[in-house]
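Asker:
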Amino acid sequence: MPGKRLAQWRPPTNGSCCFDYCSLFMPQTTLDLVTKRSGGPHAEVKVDKDRQMVVLEEEFQNISPEELKTELPERQPRFVVYSYKYVHEDGRVSYPLCFIFSSPVGCKPEQQMMYAGSKNRLVQTAELTKVFEIRTTEDLTEAWLQEKLSFFR
């Protein structure tokens, strides 16, 4: 399956429980989904450690931030690519593609390192510019997202 190589994986050294550099391979179908630039689907993406790939876990249509947060695991990290209808102060409407890194408190350190180590490469590969992080799924609300997007003109 064609795709883009995100990083080279090396196992932990010296008995460490974290990764020196995470390896992930994003299949082209996943890359196509996360780079759509319209008000289309929202994707929950996870790291498949065994296959060393970033994989699409679930795709949603027309889901609010409040509904989305109920779909995210409370104890496992996830990447979310979310197309949001944003109404600017002057009345313009845009559909920014937001990358949300959910890294809940209480995750296994190995998981946190694997996701954190792959986040920047994934963001660069998919050319995402609205990048946010949450530490608890409860943070993901419409008000929170609007506040974050208000910094972009």
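First residue of the sequence shown? That's 1 in UniProt numbering, and the numbers climb one at a time after it. Here a beta-carbon is modelled for each residue, glycine too, at the ideal position from N, C-alpha and C. Just so it is clear, the structure is predicted and the values come from calculations on it, not from any experiment.
(1) Tell me whether Lys85 is buried or exposed, calling it buried when 16 or more other Cβ atoms sit within 10 Å of its Cβ.
(2) For Ser38, which residues in the same chain have their Cβ closer than 8 Å to its Cβ, ignoring the five residues on either side in sequence?
(3) From the DSSP output, read off the bridge partner residues of Tyr95.
(4) Which whole-angstrom value describes the C-beta separation of Lys130 and Arg78, a residue pair presumed to lie in contact below a C-beta threshold of 8 Å?
(5) For a test of the three-state rule: what should DSSP assign to Val123, helix, strand or coil?
(6) Going by DSSP, what residue range makes up the beta strand (DSSP E) through Lys85?
(7) Among the residues of its own chain, which have a CB less than 8 Å from the CB of Val87, if the five just before and after it don't count?
Answerer: Reading it off the structure:
(1) If you number the sequence shown from 1, residue 85 lands on position 85. Exposure of Lys85 is indicated by the presence of fewer than 16 other C-beta atoms within 10 angstroms of its C-beta.
(2) Residue mapping note: residue 38 aligns to position 38 of the sequence shown, counting from 1. The predicted position of Ser38 is uncertain, since its pLDDT is 46 and thus under 50; a value taken from the coordinates is nonetheless stated next. Here the set comprises Ser83 and Tyr95.
(3) What you label residue 95 is simply residue 95 of the sequence shown in a count that begins at 1. Beta bridge pairing from DSSP links Tyr95 with no other residue.
(4) Residue numbering aside, residue 130 sits at position 130 when the sequence shown is read from its first letter. Residue numbering aside, residue 78 sits at position 78 when the sequence shown is read from its first letter. At roughly 17 Å, the Cβ-Cβ gap does not stay under 8 Å, so Lys130 and Arg78 are not in contact.
(5) The residue labelled residue 123 in the question sits at position 123 within the sequence shown. In the three-state reduction of the DSSP assignment, Val123 falls in the helix class, which pools H, G and I.
(6) Taking the sequence shown and counting its residues from 1, one reaches residue 85 at position 85. Looking at the DSSP string, Lys85 is not in any beta strand (DSSP E), and its letter there is neither H nor E.
(7) The residue you call residue 87 lines up with position 87 of the sequence shown. Closer than 8 Å at Cβ, skipping near neighbours: Val93.
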